[in-house]
Amino acid sequence: MATRTRHDPQRSCVICGRKTSKRELTRLCANPDGSVTVDPTGKSPGRGAYVCSEGQCAGKGLNRGRLEHVLRTKMDEDNWERILSEVSAPTDLKC
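This is the structure in C-alpha cells:
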C-alpha cells in the first residue's frame, strides 16, 4: 500500500508574487472591525493576504496601497506603523 504525502498549501506573496508554502509566509488579516493585524495562526476570520517573512517584502517592499487594495480596507496611520513594525521584526516562530 502506498503512503500518502502530506498536503502542503501553497500561497503567493502579494508584494513579489513568489509562490511558496503557507507556513513560510506571514498572514495579514483584515478583521471585521476594519483593523489589520498580523495573524500568526493563519486561522483568524477576515480577508487575508500573505507576505514573505524574510527579505525585501517584509521590510521596505511592503506597500500600503497594495495591501489596502488586496485586503479591501483602508488603514489609518497608527495601524500601518504597527503592521510595519510587526512584519519587519524578526521572529523565531515556526508554526
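If you read the sequence shown in my numbering, its first letter stands for residue 40, the second for the next number, and so on. Note that CB positions come from ideal geometry on N, CA and C, so glycine has one too. Source: prediction; values computed, not measured.
> Does the Cβ of residue 69 have 16 or more other Cβ atoms within 10 Å, making it buried, or fewer, making it exposed?
Replying inline: Along the sequence shown, one-based indexing puts residue 69 at 30. The residue is buried, with at least 16 neighbouring Cβ atoms inside 10 Å.
> From residue 50 to residue 90, what distance separates their C-alpha atoms?
Replying inline: Residue numbering aside, residue 50 sits at position 11 when the sequence shown is read from its first letter. Residue numbering aside, residue 90 sits at position 51 when the sequence shown is read from its first letter. Note on geometry: alpha-carbon atoms of residue 50 and residue 90 lie some 9 Å from one another.
>> Are the CB atoms of residue 67 and residue 97 within a distance shorter than 7 Å?
In response: If you number the sequence shown from 1, residue 97 lands on position 58. If you number the sequence shown from 1, residue 67 lands on position 28. Against a cut-off of 7 Å, the Cβ pair of residue 67 and residue 97 comes out as no contact.
> Which whole-angstrom value describes the C-beta separation of residue 109 and residue 53, a residue pair presumed to lie in contact below a C-beta threshold of 8 Å?
Replying inline: Sequence index remark: in the sequence shown, residue 109 carries index 70 (1-based). Sequence index remark: in the sequence shown, residue 53 carries index 14 (1-based). At roughly 5 Å, the Cβ-Cβ gap stays under 8 Å, so residue 109 and residue 53 are in contact.
>> Please return the same chain residues whose Cβ sits closer than 8 Å to the Cβ of residue 48, not counting the five positions on each side in sequence.
In response: The sequence position of residue 48 within the sequence shown is 9, counting from 1. A distance below 8 Å between beta-carbons, with the five flanking residues on each side excluded, links residue 48 to the following residues of its chain, in chain order: 60 and 61.
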